[in-house]
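Remarks on the structure that follows.
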Amino acid sequence: MFESAEIVKEGKLHLRVELSGDYYPNEASARFEIRWYRNDDFNFHYQEERRGGAWKCRWDRHPNAHNSRDHFHPPPAASRTDAENAQWPDDHRNVSRLVLDHIEERIEMLWEQQ
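Mapped onto full-length UniProt numbering, the consecutive letters of the sequence shown carry residue numbers 1 to 114.
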């Protein structure tokens, strides 16, 4: 399922995972990036690139002025103005499972639209 995974040190330290293009129809590339902090704040960003543009969403837990600490930036733009309050599990493994399940559902939907 993954092409590569690397720790990116430029900017804010994060994990970048490139997903295999074989899982996507119509020549898409996709990746997710994860930042986790010692205080349990996090940012989990998913993005697809295809000829028609980008499709992205983001799961966040951090203090901010635009939403509650736990919030979601919905697709297709993951913009700050569209952010929605949310509630995420406390355990990082459960958050990761929730996000990976969402990505799997997205891939299945893309194939069904073929």
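The beta carbon of each residue, even a glycine, is placed where N, CA and C say it ideally should be.
Distance from the CA atom of D91 to the CA atom of D82, rounded to whole angstroms, is 26 Å.
With a cut-off of 8 Å on Cβ pairs, the stretch 27-43 is in contact with the stretch 59-66, counting three or more such pairs. Put simply, the backbone Cα of Q87 is about 32 Å away from that of P25. A distance below 6 Å between beta-carbons, with the five flanking residues on each side excluded, links A78 to the following residues of its chain, in chain order: K56, C57 and R58.
The shortest C-alpha to C-alpha distance from E49 to any of F32, Y37 and A28 is the one to A28. For D70, the beta-bridge partners assigned by DSSP are R61. Taking 7 Å as the cut-off, the Cβ atoms of H14 and R35 count as close.
Counted as a single uninterrupted DSSP element, the alpha helix (DSSP H) harbouring L98 occupies residues H92 to E112.
In terms of CA proximity to L19, M1 leads the group R80, M1, H66 and N67.
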